[in-house]
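In terms of the working numbering, the sequence shown opens at residue 26 and continues consecutively.
We put the CB at the ideal spot given by N, CA and C, even for glycine.
Report on one structure; see the data block that follows.
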Amino acid sequence: MKKYLIIFIFITQILALNDFEVINVHKAHDLNITGKNINVGIIDSAFNANHPSLQGQIIEQQYSTVNNKPYTPDLTVDTHGSHVAGIILGNFKNIKEPYGIAYNAKMYGIQIFGYNNGSQKIIPYNIYDYFKDKEIKIINNSWNTQLYPIVGMSQLGWYVSDLKKQNSNYFLNLANNNKPLDGIIKLAKEKNILILFAAGNEGIVSPGFNATLPYYDENLRSWLSIGAIDSSKITKDENGKLILSSKAIASYSNGLKGVENFSLVAPGSFVNSVNAAYNIQPIFGRPDKNLYVKMSGTSMATPMVSGAAALVSEKFPFLNGKQIADVLLSTANKNYKTPKLTVKETQLLNTSNGRKQSYYTIIYIDTPIPDDKNKIKQDLIDAGYWSFEADKILNNLIDKYPLMQNANEDYKGIQTLKKEQILGQGILDIEKAINGIGILDANRLNSQDITETYGKKEAYYTINTQGYNATFSNDISQKKWDDSLHRLDALNSPKDEIQNLNIGFIKDGQGRLILSGENTYLGKTIVKEGELSLIKTQNNKGIISGEVKVLTNGKFSGNGLIKNNLYNQGIVRPGNQDLSDLIVEGLYNQKNNAVLQLDFGNNGNSKLIANSYQIEGGKLQYIPLPMFYTSGNIITINLAGLKNNINDFEKVEISGNNSIDFVAVLDEDKVSINKPAPEQKPEQKPEQKPEQKPEQKP
26 MKKYLIIFIF
36 ITQILALNDF
46 EVINVHKAHD
56 LNITGKNINV
66 GIIDSAFNAN
76 HPSLQGQIIE
86 QQYSTVNNKP
96 YTPDLTVDTH
106 GSHVAGIILG
116 NFKNIKEPYG
126 IAYNAKMYGI
136 QIFGYNNGSQ
146 KIIPYNIYDY
156 FKDKEIKIIN
166 NSWNTQLYPI
176 VGMSQLGWYV
186 SDLKKQNSNY
196 FLNLANNNKP
206 LDGIIKLAKE
216 KNILILFAAG
226 NEGIVSPGFN
236 ATLPYYDENL
246 RSWLSIGAID
256 SSKITKDENG
266 KLILSSKAIA
276 SYSNGLKGVE
286 NFSLVAPGSF
296 VNSVNAAYNI
306 QPIFGRPDKN
316 LYVKMSGTSM
326 ATPMVSGAAA
336 LVSEKFPFLN
346 GKQIADVLLS
356 TANKNYKTPK
366 LTVKETQLLN
376 TSNGRKQSYY
386 TIIYIDTPIP
396 DDKNKIKQDL
406 IDAGYWSFEA
416 DKILNNLIDK
426 YPLMQNANED
436 YKGIQTLKKE
446 QILGQGILDI
456 EKAINGIGIL
466 DANRLNSQDI
476 TETYGKKEAY
486 YTINTQGYNA
496 TFSNDISQKK
506 WDDSLHRLDA
516 LNSPKDEIQN
526 LNIGFIKDGQ
536 GRLILSGENT
546 YLGKTIVKEG
556 ELSLIKTQNN
566 KGIISGEVKV
576 LTNGKFSGNG
586 LIKNNLYNQG
596 IVRPGNQDLS
606 DLIVEGLYNQ
616 KNNAVLQLDF
626 GNNGNSKLIA
636 NSYQIEGGKL
646 QYIPLPMFYT
656 SGNIITINLA
666 GLKNNINDFE
676 KVEISGNNSI
686 DFVAVLDEDK
696 VSINKPAPEQ
706 KPEQKPEQKP
716 EQKPEQKP
């Protein structure tokens, strides 16, 4: 039996994925998306700027104060911050050595904790003042506190029933009275900076306090809570689905109960990154000659997500921190299989002997808890635990700890949770994240996103491209408001207004945004400014399910499929400058100030093919494409079903094209170009009859 078990473990290790494979980072690097021109903030311990992996990566770091002097780091023990920084942006040397997710990004750092302060208190640097004018959209926080308000723990392993009875204002006041945390909150609210917090490493089913704040204030939308998984315990099946073993969900990682709406997970176990102690002479002994060191924790998972955020920011420079969070959450990998159960391990002080001891929480994932203790033990064995380990777990459940015994049903040693309460919105997926947003989620919108301006009341997700061109190639769905994801008394909640509303999409700002997926959200698509294109791909996507409305300053183009009506008050240009067609399954309506533009070439033209047409004036323009049109060629425009409405346009014309000189003359029939004039027949003179001479008389 042992022989077979050893073989099984060996094969499993071979098939297991590494961290970068789990999160698909190479797909971004292959596209040369590496964090160029992106700056990240990191709040942590001190950073070793002389380490080869961090040389040239640190723009500046600031130290907190000890005894009225700047903190002096001891990099033989202050190693945490450098390890975190290396995960985000460590220099790339070669494929065999560790490097950062966004290895061409740079950082600003603030040291707020360390081990070289003796008995003196560290006075944190002013985080808000430092970061408020920096060109950053992302701040990594691989630290937390041992207060777990969502599950009623005032300290680790100490349940206090009154804590769960406190209102949201109570917890927000706690946060505001903590100067570093208050500064970070201001940066999130005022500057829309993405704030990432580690969930914590205590094996509790809900995160530490700092990672829970959006649960109490729904205006904190640019805030993420990050849990950890172990890549070495994950495999992939033939269809690409990730298979998570029981131990793939890190036993130390706090769960995500209560923060499902703003959380995800990433690899955090045995992560190889910068060793800050490298070549530093200690007080005693020899310098550490190891460039890299492996560490585990949600502290390591969080910079994985921060690095991904930097890549998303490079790909889509117009996104703010909240929108980067939306992309990461909506594209997190949900194509995974969870184990039947997982186990959390919590180190607590044994009240009888004063020693630390492990206590456990068994979590059944979307599965009822068996009534039979023997069945639970067998489930643990099936999950990969030895029989003696299963006994140890069952004999040391966390609800048996003296300070937890009054928790009763609020915190059991054996619980059943939904997978989202363990893994949040899913597993970080960088390949999908660099393809744009995947879900328009009402649970991440606020009252200001709700309007009746464009017809019936809907919630809208707005993207301002700020003059940039970009493509969102993911399928974009919608998710309606779900009360179960929110605290009833949360501040700034839109729950009373947003219930049951569909979600629409607003394209604002100059620049062109291409949608090439299957977009099944049911709210309207509004083109407010700039250009929105719907482009069909090889798999025949390029679909919008809801109505599309083009406003005066907007332009809509493409060769996809609109499964509803298209209303034009601006410019509509079918095709992708390739003579392809735009299909509208509903009505095409054009107002009197709008323009419909059809491209043409020698052998055809783009068409707007609708189920019906309502033309209230405006222009119809024909545009020659230089790659398809030869000047002077005779063309007849095919209007398809629109031909019956051609006289409803106020004007039909050939539009100039600055890229070519051409001869194109529109005929009075409004569809013929360079139609030759009819041949003039020579004028026939009347036949002259011979002059009759008068008859001569004899």
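- Distance from the CA of Gly-642 to the CA of Asn-670, rounded to the nearest whole angstrom, comes to 10 Å.
- Val-91 is a Cβ neighbour of Ile-147, given a cutoff of 9 Å.
- Under the three-state reduction of DSSP, Lys-481 is assigned to coil, being neither helix nor strand.
- Annotation for Leu-289: Leu-249, Ile-251, Gly-252, Val-330, Leu-353, Leu-354, Ala-357, Leu-448, Gly-449, Gln-450, Gly-451, Ile-452, Leu-453 place their beta carbon closer than 8 Å to its own, counting only its chain and skipping 5 residues before and after.
- In the DSSP assignment, Glu-456 falls within the unbroken alpha helix (DSSP H) covering 455 to 458.
- Annotation: Ser-338 is outside any beta strand (DSSP E); the continuous alpha helix (DSSP H) that includes it extends over 323 to 340.
- Gln-446: member of the alpha helix (DSSP H) spanning 445 to 448, first to last residue.
- If you draw a straight line from the Cα of Pro-292 to the Cα of Phe-625, it comes to about 52 Å.
- In this structure, the alpha-carbon of Lys-457 lies about 12 Å from that of Gly-542.
- Closest option to Lys-437, judged by alpha-carbon separation, among Gln-446, Ile-423, Pro-427: Ile-423.
- Shown here, Gly-134 sits in a strand according to DSSP, grouped into three states.
- Its Cα nearest to that of Lys-162, the residue Ala-350 stands out among Ser-231, His-54, Ala-350.
- Remark: C-beta atoms of Tyr-613 and Leu-633 approach each other more closely than 9 Å.
- Within a 10 Å sphere around the beta-carbon of Asp-606 sit 16 or more other beta-carbons, which makes this residue buried.
- In terms of Cα proximity to Val-284, the closest of Ser-179, His-511, Phe-530, Ile-418 is His-511.
- The count of Cβ pairs closer than 8 Å, one atom from the region 517 to 526 and one from the region 469 to 483, reaches three, so the stretches are in contact.
- Asn-636: not part of any alpha helix (DSSP H); member of the beta strand (DSSP E) spanning 633 to 640, first to last residue.
- In this structure, Asn-169 and Asn-235 form a Cβ contact; the two beta carbons are roughly 5 Å apart against a cut-off of 8 Å.
- Taking a contact to require three or more Cβ pairs closer than 8 Å, the region 221 to 228 and the region 264 to 283 qualify as touching.
- Gln-473 sits in a helix when the DSSP states are folded into three classes.
- For Gln-82 against Lys-131, the beta-carbon gap comes to about 6 Å, under 8 Å, which counts as contact.
- Lys-121 counts as exposed, since fewer than 16 other C-beta atoms from the protein chains shown sit within 10 angstroms of its C-beta.
- Remark: C-beta atoms of Asn-73 and Tyr-303 approach each other more closely than 9 Å.
- The beta-carbon distance between Gly-139 and Pro-98, rounded to whole angstroms, is 6 Å. This is short enough to meet the 8 Å contact definition.
- Here DSSP, grouped into helix, strand and coil, assigns Gln-491 to coil.
- Taking Gly-567 as the centre and dropping the five residues before and after it, the same chain places the C-beta of Ser-541, Leu-559, Ile-560, Lys-561, Gly-585 closer than 6 Å to its C-beta, in chain order.
- Inter-residue distance for Asn-264 and Ala-41 is about 15 Å (C-alpha atoms, whole angstroms).
- Per the Cβ contact rule, the region 101 to 109 is in contact with the region 54 to 73 (3 or more Cβ pairs under 8 Å).
- DSSP, read as helix, strand or coil, puts Met-429 in helix.
- Assigned with DSSP and collapsed to three states, Ser-509 falls in helix.
- Taking a C-beta distance under 9 Å as the contact criterion, Gln-639 and Val-620 do not qualify as a contact pair.
- In the three-state reduction of the DSSP assignment, Pro-292 falls in the strand class, which pools E and B.
- For Lys-553, DSSP assigns no beta-bridge partner whatsoever.
- About 6 Å separates the CB atoms of Leu-269 and Tyr-361; that is less than 8 Å, so the two are in contact.
- Phe-287 is bridged by DSSP to nothing; it lacks a bridge partner.
- Residue state for Ile-120 is assigned as coil, using DSSP reduced to three classes.
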